[in-house]
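Take a look at the structure below.
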Amino acid sequence: MISFILTLKRLLSAVYRIMKEKAFKSLLVSLALILLSGTLFYKQVEGWSLLDSFYFAFVSLIPTSVSTGFVPQADLSKWFTMIYLVVGVGVMLMILIMIGFAVVNFEKSEQEEFKQKIIDKVD
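What follows is the structure, given as structure tokens:
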């Protein structure tokens, strides 16, 4: 449990730092618009509930093998889904990669601070 809390702290600290970058903010806005478009499309065309539509739109963009139990039936939905996934997965992966780099950089900065404290104590 302690390990989980420490990992969560590092993740949240890294995300807090990266939120100051324009590129990350732009990607988050892009992701929000992509999710909104997917949610509204599936609600309108497939007739799914708002929650089911958002769930399908979100889980489809996560690079895992989670099965939603939903399958687009209309031909238009199938075409939309193919384009939606190409665009959305790219944006989602860019966000995840940026968060990963932020975590690594955060850990490096913590190590440097720790080394500096040790050097200061020795001097």
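Under the UniProt record's numbering, think of the first position of the sequence shown as 1, with each following residue one higher.
We treat Cβ as the ideally placed atom computed from N, Cα and C, and that holds for glycine.
Exercise. Thinking just about the alpha-carbon of each residue, which of Leu61, Phe54, Asn105 is nearest to the one in Gly90?
Worked result: Leu61
Problem set entry | Inside the UniProt domain "Potassium channel" (31-100) only - alpha helix (DSSP H) runs reaching at least 4 residues | 50-61
Problem set entry | Between the CA atoms of Tyr84 and Lys115 - distance to the nearest angstrom | 46 Å
Exercise. Grouping DSSP H, G and I as helix and E and B as strand, with all else coil, what is Glu21?
Worked result: coil
Exercise. What's the call for Tyr16, buried or exposed, on a 16-neighbour Cβ count within 10 Å?
Worked result: exposed
Exercise. Straight-line CA distance for Arg10 to Phe106?
Worked result: 7 Å
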